[in-house]
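Q: Please read through the structure below; I'll follow up with questions.
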Amino acid sequence: MDGQPLYKRVLLKLSGEALMGPGEYGLDSNTVKQIAADIGSVVAMGVEVCVVIGGGNIFRGMKGAAAGMDRAQADYMGMLATVMNALAMQSALEIAGLPTRVQSAIPMASLCEPYIRRRAQRHMEKGRIVIFAAGTGNPFFTTDTAAALRAAEMSCDAILKGTQVDGVYSADPKKIADAKRFDTLTYLEVLSQDLAVMDAAAISLARESKLPIVVFNLHRQGAFASAMRGEGPYTIIR
Ligand code: UDP
1 MDGQPLYKRV LLKLSGEALM GPGEYGLDSN TVKQIAADIG SVVAMGVEVC VVIGGGNIFR
61 GMKGAAAGMD RAQADYMGML ATVMNALAMQ SALEIAGLPT RVQSAIPMAS LCEPYIRRRA
121 QRHMEKGRIV IFAAGTGNPF FTTDTAAALR AAEMSCDAIL KGTQVDGVYS ADPKKIADAK
181 RFDTLTYLEV LSQDLAVMDA AAISLARESK LPIVVFNLHR QGAFASAMRG EGPYTIIR
């Protein structure tokens, strides 16, 4: 490897839970800071980075619906949770000296920009990190689908999915000792084996847009930058 990044423009997908760190709810400031530093080292490689953050550390629509709420109403609450996470990540990135814009799929003029594709592209061309908040802006969707959608709209070269482990396994490696990690998978293998990576809508959209998905361990410091150089361990879906 000559240390050069394999991709020029990528979308990083973070689940809300990734921001909890050792906690069970909300945001852990050290974890957010570490992720900001990792994003910074990829930006320093000359890569254009945009980010989609989930909201599961604060609120999930399905949970609200299970407790008797109207599903769409609960999903809007979930989308608001992603905006809080996006603002927290913007803060951490700016403290690290990285120019960052938040664009929300649900306009919130006092807090951030509305999602405007061409404007987001321009920010990226200027080297700014763009965080896409509020998912797709529609209930009944997930931030995984939002990640595939925005990556396609931004003409990204890959989706980088940061998770708790080093890629996609045949079973949960935290529970099954001999679970096998896949180096590569096809989109159809992920769908037909129902592997828990991203939901089916996101995988289908990535497949249609020919967007590789690189699944790596978000909590291993420097893993994002290593994945950009093609250095594992990770799983690539293509
Ligand atoms: N959500 C939604 N539409 C979207 C994206 C998200 O309604 O386009 C809602 C949904 O209720 C979801 C919540 O926002 O449960 C948080 O997003 P997600 O579960 O994808 O977060 P993650 O699992 O990545 O933390």
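In UniProt numbering, the protein residues as written are 1 to 238. By construction, the Cβ of each residue, glycine as well, lies at the ideal position given by its N, Cα and C atoms. As the structure is a prediction and not an experimental result, all values here were calculated from the model.
Does DSSP classify V165 as helix, strand or coil?
A: Note: V165 maps to coil in three-state DSSP.
Q: The alpha helix (DSSP H) spanning L188 covers which residue range?
A: Segment Y187 to S192, the alpha helix (DSSP H) holding L188.
Q: Determine the extent of the beta strand (DSSP E) in which E24 is found, giving its start and end residues.
A: Run containing E24: none; DSSP gives neither H nor E here.
Q: Comparing C-alpha positions only, which one of V10, A148, L27 and I39 sits nearest to L218?
A: Nearest C-alpha to L218: I39.
Q: Run through DSSP, which three-state label would K63 get?
A: The answer is helix: DSSP assigns K63 an H, G or I state.
Q: How is T82 classed by DSSP in three states: helix, strand or coil?
A: Note: T82 maps to helix in three-state DSSP.
Q: Can you tell me whether Q4 is buried or exposed, with buried defined as 16 or more other CB within 10 angstroms of its CB?
A: That one is exposed.
Q: Pull up the DSSP beta-bridge partners for S104, would you.
A: P114 and A133.
Q: Between R238 and the rest of its own chain, which residues show a CB-CB distance below 6 Å, the 5 nearest in sequence each way excluded?
A: Closer than 6 Å at the Cβ level, and outside the excluded window around R238, lie P212.
Q: To the nearest angstrom, report how far apart F216 and L11 are at their CA atoms.
A: Looking at the two C-alpha atoms, the distance is approximately 13 Å.
Q: Which two residues bound the contiguous beta strand (DSSP E) that contains F216?
A: Per DSSP, F216 belongs to the beta strand (DSSP E) from I213 to N217.
Q: Can the beta-carbon of A179 be found closer than 9 Å to that of A171?
A: Against a cut-off of 9 Å, the Cβ pair of A171 and A179 comes out as a contact.
Q: Please report how far the alpha carbon of D199 lies from the alpha carbon of M69, in whole angstroms.
A: So the two alpha carbons sit approximately 23 Å from each other.
Q: If you follow the beta strand (DSSP E) that C12 is part of, which residue opens it and which one closes it?
A: Note that residue 12 corresponds to Leu in the displayed sequence, not to Cys. L12 -> beta strand (DSSP E) spans R9 to L14.
Q: In chain order, what residues of the same chain have a beta carbon less than 7 Å from the beta carbon of G21, not counting five sequence neighbours either side?
A: Only D28, N30 and T31 meet the Cβ criterion.
Q: Please return the same chain residues whose Cβ sits closer than 7 Å to the Cβ of M45, not counting the five positions on each side in sequence.
A: P5, A225 and M228, listed in sequence order.
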